[in-house]
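Chemist: Residue numbers (the working numbering): 7 to 196. Note that beta-carbon positions come from the ideal geometry of N, C-alpha and C, so glycine has one too. In this text the structure is predicted, and so the values were computed from the model without any measurement. Please see the structure below; I have some questions.
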């Protein structure tokens, strides 16, 4: 599973963990997010993944083989949790189970990302995307949702300008036109 470069700046800014925080990277893959978080913030990053190959990467303070739907942590063990481009690989029931587990273990903030543009779902056997999540679904679970990029494809210089300078910024407040969704859930300080 990869991650779009479109997400990097937004995820890092929206996550903004406090110094010495514990950050969970759920379904960490090869460790891109762990690496980026550690070079930008003074935090402890714990990665979990089901793949033994992914767990061989050392961008984390701790790596654990685990399923995102059954997190091996005590309640409120993490300050922040991140699940980038994983929820679309789970059934709706599995995605909801993952969210409930993240809510159980997280004190301050959960950040999820998922592709939203339809072309990411045209070949599910190739990219493993089996469920498409809508902004409304995240909002109903208490998340604030932002769009990143633009799901529209245009040709020509004028349309390039429209897409990149009008639609992309607009997607931040109208996530339904975004190429990707970022769902953020903040909790009151405990």
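What number of angstroms, rounded off, separates the C-alpha of residue 31 from the C-alpha of residue 48?
Modeler: Along the chain shown, one-based indexing puts residue 31 at 25. Along the chain shown, one-based indexing puts residue 48 at 42. Distance between the alpha carbons of residue 31 and residue 48: 15 Å.
Chemist: Can the beta-carbon of residue 190 be found less than 8 Å from the beta-carbon of residue 142?
Modeler: In the chain shown, residue 190 corresponds to position 184, counting from 1. In the chain shown, residue 142 corresponds to position 136, counting from 1. Contact: no.
Chemist: Note down the Cα distance separating residue 76 from residue 121, rounded to an integer number of angstroms.
Modeler: The count along the chain shown starts at 1 and reaches residue 76 at position 70. The count along the chain shown starts at 1 and reaches residue 121 at position 115. Their backbone Cα atoms lie some 23 Å apart in a straight line.
Chemist: Rounded to whole angstroms, what's the CA-CA distance from residue 113 to residue 80? Just pull it up for me.
Modeler: Here the question's residue 113 lines up with position 107 in the chain shown. Here the question's residue 80 lines up with position 74 in the chain shown. Rounded to whole angstroms, residue 113 to residue 80 spans 11 Å at the Cα level.
Chemist: Measuring only the C-alpha atoms, how far is residue 40 from residue 172?
Modeler: For the purposes of this step, residue 40 is taken as residue 34 along the chain shown, with counting starting at 1. For the purposes of this step, residue 172 is taken as residue 166 along the chain shown, with counting starting at 1. Each residue's Cα considered, the two are about 32 Å apart.
Chemist: Which stretch, first to last residue, makes up the beta strand (DSSP E) that contains residue 86?
Modeler: One-based indexing of the chain shown puts residue 86 at position 80. From DSSP, the beta strand (DSSP E) with residue 86 extends over 84-90.
Chemist: Measuring alpha carbon to alpha carbon, tell me which residue in 26, 139 and 109 is nearest residue 82.
Modeler: On the chain shown, residue 82 is found 76 positions in, with the first residue counted as 1. Closest option to residue 82, Cα to Cα, is 109.
Chemist: Which residue's Cα is closest to the Cα of residue 182: 137, 194, 193 and 123?
Modeler: For this step, residue 182 is matched to residue 176 along the chain shown. It is 123 whose Cα lies nearest to the Cα of residue 182.
Chemist: Judging by CA-CA distance, which residue of 35, 184 and 51 is the nearest neighbour of residue 84?
Modeler: Taking the first residue of the chain shown as 1, we reach residue 84 at position 78. Among 35, 184 and 51, the Cα nearest to that of residue 84 is on 51.
Chemist: Check for me: the beta strand (DSSP E) holding residue 152 runs from which residue to which?
Modeler: On the chain shown, residue 152 is found 146 positions in, with the first residue counted as 1. First-last of the beta strand (DSSP E) with residue 152: 150-154.
Chemist: Just to confirm, are residue 44 and residue 60 a CB contact at a threshold of 8 Å?
Modeler: Position 38 of the chain shown holds residue 44. Position 54 of the chain shown holds residue 60. No, Cβ-Cβ distance for residue 44 and residue 60 is not below 8 Å.
Chemist: If the criterion is Cβ atoms closer than 8 Å, does the pair residue 73 and residue 56 meet it?
Modeler: The sequence position of residue 73 within the chain shown is 67, counting from 1. The sequence position of residue 56 within the chain shown is 50, counting from 1. Cβ atoms of residue 73 and residue 56: closer than 8 Å.
Chemist: Can you tell me the Cα-Cα spacing of residue 175 and residue 150, whole angstroms?
Modeler: The sequence position of residue 175 within the chain shown is 169, counting from 1. The sequence position of residue 150 within the chain shown is 144, counting from 1. Straight-line Cα distance between these residues: approximately 16 Å.
Chemist: Go through its chain and collect everything with a Cβ distance to residue 154's Cβ below 7 Å, but skip five positions before and after it.
Modeler: For the purposes of this step, residue 154 is identified with residue 148 of the chain shown, where counting begins at 1. Closer than 7 Å at the Cβ level, and outside the excluded window around residue 154, lie 12, 13, 16, 177, 184, 185, 186 and 188.
Chemist: What's the gap between the Cα of residue 34 and the Cα of residue 156?
Modeler: Here the question's residue 34 lines up with position 28 in the chain shown. Here the question's residue 156 lines up with position 150 in the chain shown. Going from the Cα of residue 34 to the Cα of residue 156 covers about 25 Å.
Chemist: May I have the straight-line CA-CA distance separating residue 86 from residue 20, to the nearest angstrom?
Modeler: Locating residue 86 in the chain shown gives position 80, counting from the first residue. Locating residue 20 in the chain shown gives position 14, counting from the first residue. Residue 86 and residue 20: Cα-Cα distance of roughly 11 Å.
Chemist: Quick check: the Cα distance between residue 133 and residue 139, rounded to an integer number of angstroms?
Modeler: As a first step, residue 133 is located in the chain shown; it is residue number 127 there, counting from the start. As a first step, residue 139 is located in the chain shown; it is residue number 133 there, counting from the start. Looking at the two C-alpha atoms, the distance is approximately 16 Å.
Chemist: How would you call residue 91, buried or exposed, if buried means at least 16 neighbouring beta carbons within 10 angstroms?
Modeler: Translated into positions along the chain shown, residue 91 becomes position 85. Its Cβ being crowded by 16 or more others within 10 Å, residue 91 is buried.
Chemist: Can you give me the C-alpha to C-alpha distance between residue 37 and residue 27, rounded to a whole angstrom?
Modeler: Stepping through the chain shown from its first residue, residue 37 is reached at position 31. Stepping through the chain shown from its first residue, residue 27 is reached at position 21. For residue 37 and residue 27, the distance between alpha carbons rounds to 18 Å.
Chemist: Which residue marks the beginning of the beta strand (DSSP E) containing residue 32, and which one marks its end?
Modeler: Taking the first residue of the chain shown as 1, we reach residue 32 at position 26. Per DSSP, residue 32 belongs to the beta strand (DSSP E) from 28-32.
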